[in-house]
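J.:
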Ligand code: CFM
């Protein structure tokens, strides 16, 4: 697909983005800035170390493990072993909502648990303090599970959080205690933390409860973290359609649900980056296939529901899916018809973590808007180019740091839900079974794809393209808005949402309409408009000294 809007020459843009960098940096960055061609997808350099000093938007391994994957499950006590800052600055910042079934049900999400390490613990070791903290949490709450998260100093001084967890688990008898070696430095970004979290959840939680789950069409929702209530909308739709959600990993989830998740018959994956490991491991051990879906966008939601119905191959379910789509469609249509004339032809840029930069393009497409540039902060090549490139990805020293679990089929519980032939037939029908085609296939030709976008590059891109909206997070928000471009936060949703499903699509259309058509942005002069007496002297790279 060619973009039907006039966009700057991407070759020149790339040149301009790297021009001011020192030669070595320019060479490295050039590999992460590519010009898209959905037919012949070019290679993107991704999941490599950030150039020091470049101002990245990435987070750390601890953030990916504790904040992203484990954080949204409400009845695990998550104890951060480390200095208080690591816990405090990760406290309630991700907007993952949860809804306990009764007022008596456990919900530890509002709490901030930390061992509050001091200098003395760094010098003499912190294991004793950790065990006291675990004991205190157990005495106060009697939780089903306690998870321990290692921060950087814990790894440096060598506290054995796993031994402490084992000891306390044995001591309590009725509380599952386990640890994560997810020190911030474990990988090049939070992506390493996702992998570590997947391993830990798989080892210590999945498969602990073999009670057969009830329901005819049973699935797990993987990689949906209920930001702004996204999972609630998906749950509403599943219920209407008659699909049983056994467990969600991990938005609005519970320990019991995850422990029983291996009794489902399908795993659907939303955020491929953060949880594809779980899909693969559950397939190998229990025989549950996984399928990539997307509930961001009304059309994508309808498509994903149809794929799920196709997977189960049940005519009644297929009919129910069609009935629900027909019932939901009019309210979506009414809003989009009103808004589309105002948003059509506008442009967007999306630079978000590891999956939203892809999925939200569907919503913009529904608004008639073109994504002219996009990229992830920390995703891997497969999230850009599709999983076909997996065998070609070089495993570097940083990736080798993270344990790859050796999983084999469970002698008793392995039960392939579909035969090889059935899976092949489903793939023929276009279902992404154990696969993901990545972001670039969907983007227009000559759009720009940039991995781990730097602060300077984002300012340059805005200066050159002047997009109608820039999507990123709080770290970029006010800098971008001072340039006269509205910024939509796609991590926290600017405190709005949900944006999934049908109701979420309506919310998003309205929010974007309000932003891109707000006259206030024209009143702000961007730096390149005021510099050089308004003659547009352009931006200078402030940190480059050569
Ligand atoms: Fe997956 Fe996420 Fe994302 Fe992510 Fe994240 Fe997030 Fe994200 Mo912020 S799990 S990769 S590590 S969809 S916290 S809910 S919004 S960067 S694009």
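In our numbering, the protein residues as written are 311 to 856.
The beta-carbon is built from N, C-alpha and C at its ideal position, and this holds for glycine as well.
Between the C-alpha atoms of residue 721 and residue 350, what's the straight-line distance to the nearest angstrom?
T.: Translated into the one-based positions of the chain shown, residue 721 becomes position 411. Translated into the one-based positions of the chain shown, residue 350 becomes position 40. Going by the C-alpha atoms only, they are around 43 Å apart.
J.: Would you give the residue range spanned by the beta strand (DSSP E) that residue 781 belongs to?
T.: Here residue 781 refers to the residue found at position 471 when the chain shown is read from its first residue. Residues 779-782.
J.: With 16 other CB atoms within 10 Å as the buried threshold, where does residue 750 fall?
T.: On the chain shown, position 440 is the one that residue 750 refers to. Flag for residue 750 reads buried.
J.: For the ligand CFM, any of its heavy atoms closer than 8 Å to the Cβ of residue 814?
T.: Within the chain shown, residue 814 is the residue found at index 504, counting from 1. The answer is no for residue 814.
J.: Classify residue 534 as helix, strand or coil using the three-state DSSP reduction.
T.: In the chain shown, the residue the question calls residue 534 occupies position 224. Judged by DSSP in its simplified three-state form, residue 534 adopts strand.
J.: Helix or strand or just coil, what does DSSP make of residue 668?
T.: For the purposes of this step, residue 668 is identified with residue 358 of the chain shown, where counting begins at 1. In this structure, residue 668 counts as helix in the three-state DSSP scheme.
J.: Flag this pair as touching only if the stretch 539-555 and the stretch 493-503 have three or more C-beta atom pairs under 8 Å; answer yes or no.
T.: no
J.: Rounding to the nearest angstrom, what Cα-Cα distance links residue 371 and residue 463 in this structure?
T.: As a first step, residue 371 must be located in the chain shown, where it is residue number 61. As a first step, residue 463 must be located in the chain shown, where it is residue number 153. For residue 371 and residue 463, the distance between alpha carbons rounds to 13 Å.
J.: Can you tell me whether residue 808 is buried or exposed, with buried defined as 16 or more other CB within 10 angstroms of its CB?
T.: Indexing the chain shown from 1 puts residue 808 at position 498. Looking at its Cβ environment, which holds 16 or more other Cβ atoms inside 10 Å, residue 808 is buried.
J.: Could you give the first and the last residue of the continuous alpha helix (DSSP H) run that contains residue 602?
T.: The residue you call residue 602 lines up with position 292 of the chain shown. Counting along the chain, residue 602 falls outside any alpha helix (DSSP H), though it belongs to the beta strand (DSSP E) covering 600-602.
J.: If we require 3 or more residues per run, which beta strand (DSSP E) segments fall completely within the stretch 645-696?
T.: 657-662, 680-686
J.: Distance, Cα to Cα, residue 781 vs residue 760?
T.: Here residue 781 refers to the residue found at position 471 when the chain shown is read from its first residue. Here residue 760 refers to the residue found at position 450 when the chain shown is read from its first residue. Taking the straight line from one Cα to the other gives about 14 Å.
J.: Let's test the definition: count the other Cβ atoms within 10 Å of the Cβ of residue 452 and tell me whether it reaches 16, buried, or not, exposed.
T.: Mapped onto the chain shown, residue 452 falls at position 142. That one is exposed.
J.: Just tell me which of 631, 606, 317 has its CA closest to the CA of residue 615.
T.: Counting from 1 along the chain shown, the entry for residue 615 is found at position 305. Of 631, 606, 317, the residue nearest in Cα terms is 631.
J.: Express the C-alpha separation of residue 553 and residue 525 in angstroms, rounding to a whole number.
T.: Position 215 of the chain shown holds residue 525. Position 243 of the chain shown holds residue 553. Roughly 8 Å separates the two Cα atoms.
J.: Residues in its own chain within less than 7 Å of residue 539 by CB, not counting five upstream and five downstream?
T.: Taking the chain shown and counting its residues from 1, one reaches residue 539 at position 229. Result list for residue 539: 407, 807, 808, in chain order.
J.: Can you look up residue 741 in the DSSP assignment and give me helix, strand or coil?
T.: Reading the chain shown from its first residue, position 431 is the one you call residue 741. Of the three classes helix, strand and coil, the one that applies to residue 741 here is coil, per DSSP.
J.: Classify residue 414: buried if its beta carbon has 16 or more other beta carbons within 10 angstroms, exposed otherwise.
T.: Position 104 of the chain shown, counted from the first residue, corresponds to residue 414. Under this definition residue 414 is an exposed residue.
J.: Please state the DSSP three-state secondary structure of residue 509.
T.: Here residue 509 refers to the residue found at position 199 of the chain shown. Helix.
J.: Could you check whether residue 532 and residue 577 sit closer than 9 Å to each other, using their CB atoms as the reference points?
T.: As a first step, residue 577 must be located in the chain shown, where it is residue number 267. As a first step, residue 532 must be located in the chain shown, where it is residue number 222. Yes.
J.: Would you decide whether residue 520 is buried or exposed? Buried here means 16 or more other CB atoms lie within 10 Å of its CB.
T.: What you label residue 520 is simply residue 210 of the chain shown in a count that begins at 1. So residue 520 counts as exposed.
J.: Could you compute how far the alpha carbon of residue 737 sits from the alpha carbon of residue 665?
T.: Your numbering for residue 737 matches position 427 in the chain shown. Your numbering for residue 665 matches position 355 in the chain shown. Taking the straight line joining both Cα atoms gives about 22 Å.
J.: What does the Cβ neighbour count give for residue 329, buried or exposed, with the cut at 16 atoms within 10 Å?
T.: If you number the chain shown from 1, residue 329 lands on position 19. Residue 329 should be labelled exposed.
J.: Inspect the CB distances between the stretch 460-476 and the stretch 385-404 and report whether three or more fall short of 8 Å.
T.: yes
J.: Tell me whether residue 315 is buried or exposed, calling it buried when 16 or more other Cβ atoms sit within 10 Å of its Cβ.
T.: The residue labelled residue 315 in the question sits at position 5 within the chain shown. Exposed: under 16 other Cβ atoms inside 10 Å.
J.: Is any non-hydrogen atom of the ligand CFM found closer than 8 Å to the C-beta of residue 455, if you look at the structure I gave you?
T.: Here the question's residue 455 lines up with position 145 in the chain shown. Incorrect: residue 455 has no Cβ contact closer than 8 Å to the ligand CFM.
J.: Starting from the C-beta of residue 876, find all residues in its chain whose C-beta is less than 7 Å away, skip the five residues before and the five after it, and write them out in chain order.
T.: This structure leaves residue 876 out entirely; the chain is present only between 311 and 856.
J.: Excluding five sequence neighbours on each side, which residues of the same chain lie with their C-beta closer than 7 Å to the C-beta of residue 667?
T.: The residue given as residue 667 occupies position 357 in the chain shown. Within the same chain, residue 667 has close Cβ partners 660, 661, 684, 685, 686, 749.
J.: Flag residue 504 as yes when its Cβ comes closer than 8 Å to any non-hydrogen atom of the ligand CFM, and as no otherwise.
T.: Counting from 1 along the chain shown, the entry for residue 504 is found at position 194. Yes, since a heavy atom of the ligand CFM falls inside the 8 Å radius drawn around the Cβ of residue 504.
J.: Rounding to the nearest angstrom, what Cα-Cα distance links residue 443 and residue 465 in this structure?
T.: By one-based count along the chain shown, residue 443 stands at place 133. By one-based count along the chain shown, residue 465 stands at place 155. Near 18 Å, if we compare the C-alpha coordinates of residue 465 and residue 443.
J.: Mark residue 388 as exposed unless 16 or more other C-beta atoms lie within 10 angstroms of its C-beta, in which case mark it buried.
T.: Position 78 of the chain shown, counted from the start, is the residue given in the question as residue 388. Buried is the call here.
J.: Would you mind listing the alpha helix (DSSP H) stretches within the stretch 361-418 that are 4+ residues and don't spill past its ends, in chain order?
T.: 394-398
J.: Any chance you could list the alpha helix (DSSP H) runs of at least 4 consecutive residues sitting entirely within the stretch 750-822, in chain order?
T.: 765-775, 784-791
J.: Between which two residues does the alpha helix (DSSP H) harbouring residue 585 extend?
T.: Within the chain shown, residue 585 is the residue found at index 275, counting from 1. Run containing residue 585: 582-596, per the alpha helix (DSSP H) assignment.
J.: Just to confirm, does residue 688 get its C-beta within under 8 Å of one of the non-hydrogen atoms of the ligand CFM?
T.: Position 378 of the chain shown, counted from the start, is the residue given in the question as residue 688. Because some heavy atom of the ligand CFM lies under 8 Å away, the Cβ of residue 688 counts as near it: yes.
J.: Can you tell me whether residue 529 is helix, strand or coil according to DSSP?
T.: Numbered from its first residue, the chain shown carries residue 529 at position 219. Three-state result, residue 529: strand.
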